[in-house]
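**Q** Have a look at this one.
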Amino acid sequence: MSYIKTRPPVGHAETENFIDKLRTVQTRTIDGVVVSNLVRACYECGLKSGELINLTIGDVSKGAKVNDSMLIDGTPVPLTSRAQKVLQDHLDHLKANGYKMYSFNPLSPTKKGHQYSQKSLDNHLKKGAVAGQNITLDKIRQAGICRHYDQMRKEGFSAQECLNRAKVFARLKSYRSTNDILRGSIQPTGQKTTSFIEHLKKLEIAELSYKHKNENEVIRSLNEIRDEIIKDKKLNDKERAALTDYIDSSRFKDKNESHSPEKSRNDQDNTSLVDLIKNHQEKSESYPVDDIIEYFELDKADKLQHGSSTSDIEGKGGSDKPTK
Numbered sequence: 060m061s062y063i064k065t066r067p068p069v070g071h072a073e074t075e076n077f078i079d080k081l082r083t084v085q086t087r088t089i090d091g092v093v094v095s096n097l098v099r100a101c102y103e104c105g106l107k108s109g110e111l112i113n114l115t116i117g118d119v120s121k122g123a124k125v126n127d128s129m130l131i132d133g134t135p136v137p138l139t140s141r142a143q144k145v146l147q148d149h150l151d152h153l154k155a156n157g158y159k160m161y162s163f164n165p166l167s168p169t170k171k172g173h174q175y176s177q178k179s180l181d182n183h184l185k186k187g188a189v190a191g192q193n194i195t196l197d198k199i200r201q202a203g204i205c206r207h208y209d210q211m212r213k214e215g216f217s218a219q220e221c222l223n224r225a226k227v228f229a230r231l232k233s234y235r236s237t238n239d240i241l242r243g244s245i246q247p248t249g250q251k252t253t254s255f256i257e258h259l260k261k262l263e264i265a266e267l268s269y270k271h272k273n274e275n276e277v278i279r280s281l282n283e284i285r286d287e288i289i290k291d292k293k294l295n296d297k298e299r300a301a302l303t304d305y306i307d308s309s310r311f312k313d314k315n316e317s318h319s320p321e322k323s324r325n326d327q328d329n330t331s332l333v334d335l336i337k338n339h340q341e342k343s344e345s346y347p348v349d350d351i352i353e354y355f356e357l358d359k360a361d362k363l364q365h366g367s368s369t370s371d372i373e374g375k376g377g378s379d380k381p382t383k
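Number 322 in the numbering used here belongs to position 263 of the sequence shown; there are no gaps in the numbering.
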């Protein structure tokens, strides 16, 4: 196995400049030191934005002293000495500036002491970006994972061990996802869109039942799912378009049955749920794309036989088999 040439979306110098600029931002609603520390924690610990927002003081410390590990969704995650220093400096800042230090208080609070919402955090992060710069926590996290891999390589670890350690550092469950991050594929880190996954479940069931049901029943089922998708207000426009486009182009639908014949692609008989998700990958950050793709690439006959379902991947990673 050869070493991977990492492709971080944000360079180390650019990341440091971004953090330094954020630190100088002080407004009525923004404590730039808190925001910059949050970004540095993302970089040094490989944390996702949702994890950063949900962390409490008690998840990383006891008695205002940082622990050797932090709790992510109740699971202990070891901290490097550098990460411990980042978090300790952050706690010292909170204490010195009068923030509440109870264990249940947010680790990275707003200036009023409240927990950040994703929207507010995104808006505050823009204060550290220069014109035309598009730095997100997703990119910072990926850059941190790449940096960790490169450091392991400099320390003399084998290519396989570097990959293993990067996978553990990023808390990923599949080598494919780790490879993708190291090679430059941005992974969405927001909250999963339950509605989107639920509709995927229904479409999968319709596909798997095709050989066991009357064709008219399958078509009727697809039409019903399509109507539900159109009426579902929890889906955004891009998600709705991707799902309905898949149904309209399905090899199970007769050309005359399609609700949108002008969009139909019935000549593309190889359309699949994997294609749907891959085509939609860059359009949404609301569900674990790589894990869903890996799940749907499993043998469908085996899934049908054992009663496996899309719910198996909700909140989980993919296979632990290394990517060749």
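For every residue, glycine included, the Cβ atom is placed at its ideal position computed from N, Cα and C.
Return the CA-CA distance between lysine 185 and valine 69, expressed in angstroms with no decimal places.
**A** Using only the alpha carbons, I get a separation of about 15 Å.
**Q** For isoleucine 131, which residues does DSSP report across the bridge?
**A** Isoleucine 131 pairs with Thr134.
**Q** Roughly how many whole angstroms lie between the Cα atoms of valine 92 and arginine 230?
**A** Valine 92 and arginine 230: Cα-Cα distance of roughly 27 Å.
**Q** Using 8 Å for Cβ pairs, my map puts lysine 25 next to threonine 88. What's the rounded Cβ distance?
**A** Residue numbering for the chain in the displayed model covers 60 to 383; residue 25 lies beyond these limits and cannot be assessed.
**Q** For serine 120, list the residues DSSP reports as bridge partners.
**A** Answer is Val125.
**Q** List the whole-angstrom C-beta distance separating isoleucine 116 from tyrosine 62, where the pair is believed to meet the contact cut-off of C-beta under 8 Å.
**A** Going by Cβ atoms, the distance from isoleucine 116 to tyrosine 62 rounds to 39 Å, so no, they are not a contact pair.
**Q** Counting Cβ pairs, one atom from each stretch, are 3 or more of them under 8 Å apart for the region 197 to 217 and the region 117 to 128?
**A** Touching, no.
**Q** Please report how far the alpha carbon of glutamine 219 lies from the alpha carbon of leucine 106, in whole angstroms.
**A** Rounded to the nearest angstrom, the two C-alpha atoms are 23 Å apart.
**Q** Could you spell out where the alpha helix (DSSP H) holding methionine 211 opens and where it closes?
**A** It spans 196 to 213 - the alpha helix (DSSP H) in which methionine 211 sits, taken as one unbroken run.
**Q** What's the C-alpha gap between lysine 198 and lysine 226?
**A** Those two C-alpha atoms are separated by around 17 Å.
**Q** Could you give the distance in angstroms between the alpha-carbon of leucine 27 and the alpha-carbon of glutamine 147?
**A** Lying outside 60 to 383, the shown extent of the chain, residue 27 is not represented and no answer is given.
**Q** Taking 7 Å as the cut-off, is the C-beta of aspartate 118 nearer than that to any heavy atom in the ligand GTP?
**A** Ligands displayed in this structure: none; no statement on the ligand GTP is therefore possible.
**Q** Below 8 Å between beta carbons: does that hold for leucine 222 and isoleucine 112?
**A** No, the pair does not count as a contact, with Cβ atoms beyond the cut-off.
**Q** Please list the terminal residues of the continuous alpha helix (DSSP H) segment that includes serine 384.
**A** One cannot answer for residue 384 here, as it falls past the ends of the chain, which runs 60 to 383.
**Q** My understanding is that serine 254 touches leucine 294, with C-beta atoms under 8 Å, so please give their C-beta distance in whole angstroms.
**A** Indeed, because the Cβ distance is near 5 Å, the residues count as touching under 8 Å.
**Q** What does a CB cutoff of less than 7 Å around histidine 183 pick up in its chain, not counting 5 residues either side in sequence?
**A** Only Ile89 and Val94 meet the Cβ criterion.
**Q** In angstroms with no decimal places, state the Cα-to-Cα distance between asparagine 156 and aspartate 132.
**A** If I take the Cα positions, the gap works out to 28 Å.
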